[in-house]
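What follows is one structure encoded as structure tokens, with my remarks underneath.
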Amino acid sequence: MINQDTSLHYSITTTKIQNILQPDKDLPITYNTSVQSYLDDTTWIADSLEKMRILTEKSRAFYDLANIQINVDKYKLLTNDSSKCG
175 MINQDTSLHY SITTTKIQNI LQPDKDLPIT YNTSVQSYLD DTTWIADSLE
225 KMRILTEKSR AFYDLANIQI NVDKYKLLTN DSSKCG
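Quick note, in the numbering used here, the sequence shown goes up one by one and the last residue is 260.
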């Protein structure tokens, strides 16, 4: 499964405040993922274009194996790196 391949995970870290008066008690929380899904929508998350390429190749192989039709015309690639925009 794609989400079991930890080399493709995107890591999100935040801090859980336990007591606002005792910041030394705050706990770091880390969430690792590469895919989020709801009904027929899927969001792939990667921290590099190469990892995104691998994710899309693996997902396409799964869709082919499972005989699932996908609409590649609806794909959208989002980035927060303006140097990657055309």
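All residues carry an ideal CB built from backbone N, CA and C; glycine is no exception. None of these values were measured; they are calculated from a predicted model.
Sorting Val246, Lys258, Thr230 and Leu195 by C-alpha distance to the C-alpha of valine 209 places Thr230 at the top.
The alpha-carbon of arginine 227 is positioned some 11 Å away from that of leucine 251.
For the set Leu201, Ser181, Pro197 and Asp179, the Cα lying nearest the Cα of threonine 188 is the one of Leu201.
Excluding five sequence positions before and after histidine 183, the CB atoms of its chain that fall closer than 6 Å to its own CB belong to Asn206 and Ser208, given in chain order. Per DSSP, lysine 190 lies in no alpha helix (DSSP H) segment; the continuous beta strand (DSSP E) that holds it begins and ends at 184-190.
Nearest to isoleucine 244 by C-alpha distance, out of Asp214, Ile186 and Gln196, is Asp214. The residues Thr204 and Asn206, in chain order, have a CB closer than 7 Å to that of serine 185 in the same chain once the five nearest residues on each side in sequence are set aside.
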